[in-house]
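In numbering that gives the first Met the number 0, the protein residues as written are 0 to 51.
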Amino acid sequence: MQSEGTVATAGYKLTTLLLHADGASFVTLTIDDDLRGCIGALEAHQPLAEDA
Numbered sequence: 000m001q002s003e004g005t006v007a008t009a010g011y012k013l014t015t016l017l018l019h020a021d022g023a024s025f026v027t028l029t030i031d032d033d034l035r036g037c038i039g040a041l042e043a044h045q046p047l048a049e050d051a
């Protein structure tokens with residue numbers, strides 16, 4: 000699994016099981032350490048592949 004502060008690359012692989020399990024995703028956008036926006040959920044409510 001990814002840890003906080005890391006970036007998933009195109010070669011990063013998750014199993015189909017994990018992508019279809021309920022999961023949550025949250026994204027923050029920053030420019031020069033200034034928060035520019037955020038979106039997502041902190042609690043799982045749908046399959047991770049759909050949430051992302």
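Built from N, CA and C at the ideal position, the CB exists for glycine as well.
Span separating the alpha-carbon of Gly97 from that of Glu42: Missing from the structure shown is residue 97; the chain here goes from 0 to 51 and no further.
Leu34, enclosing beta strand (DSSP E) - first and last residue: In the sequence shown, residue 34 corresponds to position 35, counting from 1. Per DSSP, Leu34 belongs to the beta strand (DSSP E) from 33-39.
Contact check, Ala48 vs Leu16, beta carbons under 7 Å: Your numbering for residue 48 matches position 49 in the sequence shown. Your numbering for residue 16 matches position 17 in the sequence shown. Not in contact: Ala48 and Leu16 (Cβ atoms no closer than 7 Å).
As assigned by DSSP and simplified to three states, the class of Thr29: Stepping through the sequence shown from its first residue, residue 29 is reached at position 30. In this structure, Thr29 counts as strand in the three-state DSSP scheme.
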